[in-house]
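Numbering (the working numbering), first residue to last: 105 to 354.
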């Protein structure tokens with residue numbers, strides 16, 4: 105009986121010690137990565153005890169907020185340039201930056217049959233509005249402009265653009281019918297390798313610069329084990345399997 109009591113006490117003490125070392129990490133997450141990061145954060149907390157507190161938005165806006173002292177500890181950007189710029193400005197933990205995912209752009213409509221699998225709907229132009237993220241703030245918006253430019257359709261389609269602050273807004277506008285179609289992130293409409301509803305054209309990667317997305321620990325994360333643990337977790341098999349199910353590559 106005494107031995108059993110001792111084992112139970114040791115196990116309880118181990119659990120309490122793990123909880124005592126658990127911490128929160130404040131994460132600025134690019135809007136295109138909202139859905140997979142929600143799942144990853146839940147698994148991260150379950151596996152490590154640490155909690156990722158997530159904020160979603162445009163990478164450009166996050167940059168401005170970080171420069172103005174926003175208390176984020178990790179940035180999951182929609183590009184490589186913003187984390188690199190913060191690194192050059194000595195706002196990050198040296199050596200912490202890496203590419204966590206490569207995204208894809210998709211032309212999507214909630215309406216079945218509107219978007220064909222070659223994107224020819226863009227040439228027909230039989231729509232009044234096309235939604236996209238603001239190309240000045242969001243890499244996915246810049247990619248959308250690049251696609252239209254390479255197709256020789258930028259000038260013809262520009263009067264129809266409706267641009268939101270980030271890719272989340274662009275998705276909402278198409279989903280709510282504000283615009284009949286739009287350029288969104290593949291991760292917003294794909295689950296388990298399949299487009300969930302409507303019609304879509306997954307844009308060939310040759311039509312825009314690769315959407316390599318970098319993660320970085322910010323200076324405020326120094327001494328915070330949860331931040332380092334999250335970045336390590338993003339490189340692991342479980343997190344990558346979740347990302348792949350939403351259409352990301354590495």
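Beta carbons: idealized from backbone N, C-alpha and C, even for Gly.
This structure is a prediction, so every number in the text was calculated from the model and none was measured.
task: Check whether the segment 205-213 touches the segment 254-268, counting contact only when three or more Cβ pairs, one atom from each stretch, lie closer than 8 Å.
output: no
message: Give me, in chain order, the residues of the same chain whose beta-carbon lies closer than 6 Å to that of residue 174; leave out the 5 immediate sequence neighbours on both sides.
response: none
- prompt: Which residue comes first and which comes last in the alpha helix (DSSP H) that contains residue 248?
  reply: 243-254
- prompt: Does the separation of the CB atoms of residue 330 and residue 128 fall below 8 Å?
  reply: yes
- prompt: Using CA coordinates, which residue listed in 167, 223, 247, 217 is at the minimum distance from residue 196?
  reply: 167
query: Around the C-beta of residue 351, are 16 or more other C-beta atoms found within 10 angstroms, so that it is buried, or is it exposed?
result: buried
Sufficient close CB pairs (3 or more, under 8 Å) joining the segment 140-159 to the segment 326-344: yes
message: Rounding to the nearest angstrom, what Cα-Cα distance links residue 282 and residue 250 in this structure?
response: 23 Å
message: Buried or exposed for residue 295, going by 16 or more other Cβ atoms inside 10 Å?
response: exposed
Neighbourhood of residue 80 by C-beta distance below 7 Å, restricted to the same chain and skipping five residues each side: The requested residue 80 does not occur in the structure, where the chain is confined to residues 105 to 354.
Three-way DSSP call (helix, strand, coil) for residue 307 in this model: coil
task: Could you name the residues of the same chain whose beta carbon sits closer than 6 Å to that of residue 131, not counting the 5 residues immediately before and after it, in chain order?
output: 156, 158, 178
task: Determine the burial state of residue 230: buried for a count of at least 16 other Cβ atoms within 10 Å of its Cβ, exposed for fewer.
output: exposed
- request: Compute every distance between the C-beta of residue 204 and the non-hydrogen atoms of the ligand SAM, then say whether any falls below 7 Å.
  value: The ligand SAM is absent from the structure shown, which contains no ligands of any kind.
task: With a threshold of 16 other CB atoms inside 10 Å of the CB of residue 280, please say whether the residue is buried or exposed.
output: exposed
query: Alpha carbon to alpha carbon, what distance is there between residue 164 and residue 327?
result: 26 Å
query: Roughly how many angstroms lie between the CA atoms of residue 160 and residue 139, to the nearest whole one?
result: 10 Å
query: Is the beta carbon of residue 284 sitting closer than 8 Å to the one on residue 233?
result: yes
message: Suppose you measure from the CA of residue 262 to the CA of residue 274; what does that come to, to the nearest Å?
response: 15 Å
Backbone secondary structure at residue 167 - three-state DSSP: helix
message: Given a cut-off of 8 Å on the beta-carbon distance, is the pair residue 223 and residue 303 in contact?
response: no
query: If you draw a straight line from the alpha carbon of residue 213 to that of residue 301, how long is it in whole angstroms?
result: 8 Å
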